[in-house]
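Asker:
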Amino acid sequence: EGCCALKCSRCPCQFCAWCGVDCGADAHRHVASCAAKPAGADVYYPGSRQDFERAQALHRAPKLETYLRTLENETRGSLLRDIKGMLGELYSQVLRVFGV
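Numbered as in the numbering used here, the sequence shown ends at 184 without a single skipped number.
Given below as structure tokens:
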């Protein structure tokens, strides 16, 4: 219902929408103090969808960059072209990092 303490529809696990960590039976305590939650965000609710997606992009960027560094240039370029639409604002940031 908009809360960042998410519950799996297939099992009793709950996890954090900000960072994706599995929190066991109750994610609320973790969500309230999650390091991936942007400064000024509500304790449990992400605000607008755009705000949430921007925070997610910032959280995912270092992980994506680390993975992309493991690929050869040709493979990396091909992958980036294939997933461009899924990356949104993150796409231009990744291009700057790799000088593509």
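C-beta atoms are modelled at their ideal positions from N, C-alpha and C, and glycine is treated no differently.
Computed from a prediction, not measured in an experiment: that's the story for all the values here.
Counting Cβ pairs closer than 8 angstroms, one from the region 113–124 and one from the region 151–165, do we hit at least three?
Answerer: no
Asker: Give the secondary structure of K121 by DSSP, where H, G and I count as helix, E and B as strand, and everything else as coil.
Answerer: coil
Asker: Entirely within the region 90–145 and at least 4 residues each: give me those alpha helix (DSSP H) ranges in chain order.
Answerer: 112–117
Asker: On the DSSP letters alone, give me the boundaries of the alpha helix (DSSP H) that R165 sits inside.
Answerer: 157–171
Asker: What's the call for Q140, buried or exposed, on a 16-neighbour Cβ count within 10 Å?
Answerer: Around the beta carbon of Q140, 16 or more other beta carbons sit within 10 angstroms, so the residue counts as buried.
Asker: Can you give the Cα-Cα distance for F99 and D106, rounded to whole angstroms?
Answerer: 4 angstroms
Asker: Tell me the DSSP secondary structure of P150 in three-state form.
Answerer: Checking the sequence shown, residue 150 turns out to be Thr, not Pro. The DSSP-derived three-state label of T150 is helix.
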